[in-house]
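With the numbering used here applied, the sequence shown corresponds to residues 2 to 328, in that order.
Where a beta carbon is used, it is the ideal one built from N, C-alpha and C, also for glycine.
This one's a predicted model, so the numbers in the text were calculated from it and none came from an experiment.
Below you'll find the structure, written out as structure tokens, and then a few comments.
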Amino acid sequence: MTDRRTLRQNQGPSATRIIGVGSFQPERIVTNDDLSKIMETDDQWIRDRVGIVERRFADKDELLVDMAVKAGTAALIDSGVDPSEVDTVIVPNCTMPSGIPNAAAQVADRIGIKAPGAFDLNAACAGFCYGLGVASDLIRAGSAGKVLVIGAEKLTDSVDPTDRANAIIFADGAGAVLVGPSDTPGIGPVTWGSAGDLVDTISMRDHRYIHQEGQAVFRWATTQIAPIALKALELAGLEPSDVDVLIPHQANLRIVESIAKKLRAKGAREDMDVADDIRYSGNTSSASIPLALDHMRKTGRAKTGDVVLAIGFGAGLSYAGQAFICP
Ligand SMILES: CC(C)(COP(=O)(O)OP(=O)(O)OC[C@H]1O[C@@H](n2cnc3c(N)ncnc32)[C@H](O)[C@@H]1OP(=O)(O)O)[C@@H](O)C(=O)NCCC(=O)NCCS
């Protein structure tokens, strides 16, 4: 007779890896000069302070869900995996227009993934690294087989178009990875955390537009994030000199460069390639890391087998990062 107190728990494969990457950006390119026609700003100020040359804005009827479908489909095509083999879909985002419905279920349905576990995950600009960590651990626990993680944002709906501190930074897009089991370790442990005492530094106060205390966020990101990135390496059993490609959340090029400088001071190589996707994509929050990964793979900057270190940070305040092997 079965002991009623005995309950079975799952156990999955010991290792996971990223097996496909894809992204999507809206067609409409918005240059700094375009913005200077509608607000008091100029190309040089934006390039110097944030490093952005141009960004992509979605059209009015192009939704977060539409972009997520395109990025997720591209990741599946890249992996060669059929949608029927995917059982879980996670959509990190912070700009779905309402709490319900979530993005994940409808995105999955439109991609052709039938009845998956599907949920959104909101850790703002840290969302992709949270999602990747959750996906990897779900598989290792035996709760999921293959997980599609799609960071997608339509930030232009949440930015006052006349607010020159924010309207120059944020943009729209989506990036996705497919995560699956692996014979060898391909995704290091996630390190994550938060600083809820700084919650007011980035928020949607009126439930409409993003407000941020730019300098406070800048100080926090340039002092607190590099140590988290180093911890992610340590958890993965790696040294800073092992990193081939660094992909920090593309918040501001000066923040990205500051993190890279701090890692180099701890032994990261001078030839470590540092993502600068913000130049042509802007800040796309939870989409920025997979977007940069996809672009760096397509241009040969991130190669199969490279050690990639990703680190996300943003509203919450929240942060998360992990090392992984480039597919
Ligand atoms: C937002 C950010 C670019 C603003 O830069 P800053 O140097 O802090 O700018 P400040 O708000 O202090 O303003 C400095 C001056 O530039 C002006 N300014 C602000 N935005 C401007 C713009 N788009 N164009 C031209 N001038 C601008 C200000 O009015 C101010 O002028 P003043 O000195 O005459 O009063 C910067 O703080 C930043 O990037 N912070 C991090 C934000 C971030 O990464 N957020 C995402 C986290 S996920």
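query: Using DSSP with H/G/I as helix, E/B as strand and the rest coil, what is A58?; result: Here the sequence assigns Phe to residue 58, which means Ala is not the residue at that position. Reduced to three states, the DSSP call for F58 is coil.
query: Tell me whether H250 is buried or exposed, calling it buried when 16 or more other Cβ atoms sit within 10 Å of its Cβ.; result: buried
query: Please report the Cβ distance between R18 and I326, rounded to the nearest whole angstrom; I am assuming they are in contact, meaning their Cβ atoms lie under 8 Å.; result: 6 Å
query: Please report the distance separating the alpha-carbon of A196 from that of A105.; result: 27 Å
query: Which two residues bound the contiguous beta strand (DSSP E) that contains A175?; result: 173–182
query: Grouping DSSP H, G and I as helix and E and B as strand, with all else coil, what is K155?; result: strand
query: Secondary structure at Q323, three-state DSSP: helix, strand or coil?; result: strand
query: Taking Cβ positions, are I312 and A217 nearer each other than 8 Å?; result: no
query: Hey, L247 and W221 are a contact pair by Cβ (cut 8 Å); roughly how many whole angstroms apart?; result: Actually they do not touch by this definition, with Cβ atoms about 19 Å apart.
query: Does the beta-carbon distance from D278 to A293 come in below 8 Å?; result: yes
query: In terms of residue numbering, what span does the alpha helix (DSSP H) encompassing P84 cover?; result: Where P84 is concerned, there is no enclosing alpha helix (DSSP H), given that its DSSP letter is neither H nor E.
query: Leaving out five residues on either side along the sequence, give the residues of the same chain with a beta carbon under 7 Å from the beta carbon of P190.; result: L236, A237, Q323
query: Would you give the residue range spanned by the beta strand (DSSP E) that T89 belongs to?; result: 89–93
query: Indicate the three-state DSSP secondary structure (helix, strand or coil) for I53 in the structure shown.; result: coil
query: Determine whether the beta carbon atoms of V178 and A76 lie at a separation below 8 Å.; result: yes
query: Would you say the beta carbon of N284 comes nearer than 7 Å to a heavy atom of ligand 1?; result: yes
query: Cα separation between P117 and D49?; result: 45 Å
query: Excluding the 5 residues flanking E240 on each side, which residues of the same chain have their C-beta closer than 8 Å to its C-beta?; result: L234, G268
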